[in-house]
Amino acid sequence: MPDNLPFDASQLDRLAETIVSTGVNLAEGQNLLITASAEALPLVRRVTERAYRTGGGLVTPILNDEDVTRARYRYGRSESLDQAPDWLYQGMAEAFGRNTARLHIAAENPMALASEDPGRVARAARANAEAYRPALERISGFEINWSIAAYPGRAWAKLVFPDLDDDDAQAELAKAIFSASRTDQDDPVAAWAAHNADLAARRDWLNSQEFAALHFRGRGTDVTVGLADGHCWMGGASEAKNGIVCNPNIPSEEVFTVPHKDRVDGTVRATKPLAYQGTLIEGIEVRFAEGRIVEANASSNEEVFRKLLESDDGARRIGEVALVPYASPISESGILFYNTLFDENAACHVALGQCYKDCLRDSDGASEDEIAGRGGNSSIVHVDWMIGAKDTDIDGVTATGDRVAVFRDGNWAA
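Taking our numbering, the leading residue of the sequence shown gets 24, the next gets one more, and so forth.
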């Protein structure tokens, strides 16, 4: 079946190759679970073919559709909103326990649910998050190799490029995705190897410093983010507990670690809008005290943001802090993607909710209480939002109170 796409479809072949060999880095005989928007089927087909051609095991795709999703919120019985397919997520967790690799391909319109009742959407999201938790814990614990990539959906493209017609908008979004994913270069795999080496150098320097905290200063932001006890920095290619080195995000410009859930104090102003549950939340401003958000405001869709914070006890605390230079390619593109996979790679950011336990040394087999005792946060949500900008300064604070310049004017100090 021809794709009839308004962009060079051969670029999808290069992206599929990059996803399989660098993103997931699928091992010989290893099974692969793919979740994706139905619109991303041209890329799903290519990833599947590439996986089989390179010796992968069984490939299982699970597709979703925006119209099907909207039908639930418009016509579904109220009590159904508090249900989720726990049987499906238990099956996913079991598959991950058997070393199945995980891939998600994002293509959906970030504003697809903007016209739906936010209360109904929030209820369904909470039920889904709670049911998905057994599978999420396998991912956040980095037990298996996994990756997230993107396909240029048409509604998403029109949101990003509203002044272009449908075909031109999709072509422009495709161009931006291929550029950010490095698949427009002569040798994408080599380009990713060089980029991963640069991120590894930043990661290794941060680990050598053993900072106790980071102090962020910028327009509307003055916050000290304590770091979890025994934290370690990660970024770019990382080795999962199954021994496979993968790139969890295609694209990726960040190095990240686990903050201490009880040691975040100060004020933070978001520097980019947050697309969450089909709604654009703008002008986020919060105040942290002893790790918890005690004041929260937003200039638009504040109700949705507050419902996010009410997801559970851990939703008002942060589980990730990530450093991204203002000079990153995605930032320099000047494009607001309305998609966290891309926008988080244009700015320093934090994530409300669940921590990545693999960013804690010697965390294998640690109980939830032990993770919490070291400062790791637990939640059914993990939502990134951007706090970095051109004027962002960051100091690393040592255990003795000494300060080391990490970022100046939005970029690495050295």
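Just so you know, even glycine gets a beta-carbon here, dropped at the ideal spot from N, CA and C.
Note that the structure is a prediction, hence the values are computed from the model and not measured.
Whole angstroms is fine: what's the gap from residue i's alpha carbon to residue j's?
i	j	result
Glu393	Glu367	29 Å
Met24	Leu187	Note on Met24: pLDDT 43, under 50, position unreliable in the model; no value is reported.
Asp416	Thr244	10 Å
Trp408	Gln377	14 Å
Ala197	Ile171	16 Å
Arg121	Tyr112	14 Å
Asn272	Arg125	12 Å
Phe294	Lys413	The sequence given here places Thr at residue 294; Phe does not occur at that position. Approximately 10 Å between the Cα atoms of the pair.
Gly78	Gly46	16 Å
Ala129	Gln193	14 Å
Arg100	Ala147	12 Å
Asp191	Glu318	42 Å
Ala428	Leu64	46 Å
Ala298	Asn54	32 Å
Glu131	Leu104	21 Å
Tyr96	Glu160	27 Å
Asp288	Lys330	22 Å
Asp26	Thr71	16 Å
Gly419	Ala312	20 Å
Arg156	Gly164	12 Å
Glu326	Tyr361	19 Å
Asp36	Ala203	16 Å
Gln208	Leu375	34 Å
Ser390	Arg225	30 Å
His283	Cys255	12 Å
In this structure, does DSSP put residue i in helix, strand or coil?
i	result
Cys382	helix
Met24	Residue placement at Met24 cannot be trusted, given a pLDDT of 43 that sits under 50; what the coordinates show is reported in the next sentence. Coil at Met24, not helix or strand.
Phe365	helix
Ser170	strand
Asp432	coil
Asp416	strand
Glu308	strand
Leu111	helix
Glu131	coil
Glu325	helix
Glu391	helix
Leu86	strand
Val47	coil
Asp425	coil
Ser401	coil
Thr58	strand
Val183	helix
Glu262	strand
Arg205	coil
Tyr190	Going by the sequence as given, residue 190 is Asp instead of Tyr. Residue state, collapsed to three classes: helix.
Asp288	strand
Leu196	helix
Glu333	coil
Leu126	strand
Can you tell me where the alpha helix (DSSP H) with residue i in it begins and where it stops?
i	result
His218	Pro211 to Gln232
Val70	Leu64 to Arg76
Arg156	Pro141 to Ser163
Ala39	Ser33 to Thr41
Starting from residue i, trace the beta strand (DSSP E) both ways and give me its first and last residue.
i	result
Met409	His405 to Met409
Tyr96	From DSSP, Tyr96 is part of no beta strand (DSSP E) but of the alpha helix (DSSP H) over Glu89 to Tyr98.
Ala235	Segment: none, Ala235 is in no beta strand (DSSP E) and carries neither H nor E.
Phe279	Val278 to Thr280
Ser354	No beta strand (DSSP E) contains Ser354, which is instead part of the alpha helix (DSSP H) from Pro352 to Ser356.
Asp245	Thr244 to Leu250
Ala298	Leu297 to Tyr299
Glu318	Arg315 to Asn320
Gly376	His372 to Gly376
Ile267	First-last for Ile267: undefined, no H or E at that position.
Gly342	Ile341 to Leu346
So, residue i versus residue j, is the Cβ gap smaller than 8 Å?
i	j	result
Pro305	Pro296	It is Glu, not Pro, that sits at residue 305 in the sequence shown. Going by C-beta atoms, Glu305 is nearer than 8 Å to Pro296.
Gln106	Ala145	no
Gly176	Glu333	no
Ala216	Val278	no
Ile167	Thr206	no
Ala74	Ile267	no
Ser60	Leu28	no
Phe201	Leu303	no
Val281	Gly399	yes
His336	Ile403	First, the amino acid is wrong: residue 336 is Asp here, not His. Contact flag unset, no.
Ile316	Arg339	yes
Asn219	Gly253	no
Ile57	Val82	yes
Roughly how far, in whole angstroms, is the beta-carbon of residue i from the beta-carbon of residue j, given that I think they are within contact range, below 8 Å?
i	j	result
Glu262	Ser351	With a Cβ gap of about 24 Å, Glu262 and Ser351 do not count as contacting.
Pro141	Leu182	Not really, about 19 Å apart at Cβ, beyond 8 Å.
Arg286	Gly249	3 Å
Ala135	Arg93	7 Å
Would you say the beta carbon of residue i is closer than 7 Å to some non-hydrogen atom of the ligand MN?
i	result
Ala158	In the structure on display, the ligand MN does not appear, and there are no ligands present to speak of.
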